[in-house]
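Letter by letter, the sequence shown follows residues -9 to 33 of our numbering.
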Amino acid sequence: MSAPVSLAGRADWLNEKHLQRLLAALSGGDEQARVAGGAVRNT
């Protein structure tokens, strides 16, 4: 199995304000929303 790939610093769209608001809305408590394979997920 290959190591996870980080897009940090390479994908400007991850910093887009609307996406950040969506991720913040999906995150809460001990949950963390993530972007995986082009889909926003909170599991």
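Built from N, CA and C at the ideal position, the CB exists for glycine as well.
Here the structure is a predicted model, which means the values were calculated and not measured.
Looking at residue j and residue i, is the spacing between their C-beta atoms short of 8 Å?
| i | j | result |
| --- | --- | --- |
| L4 | L(-3) | yes |
| L16 | N32 | yes |
My output table needs one value for residue i: the three-state DSSP class, helix, strand or coil.
| i | result |
| --- | --- |
| R11 | helix |
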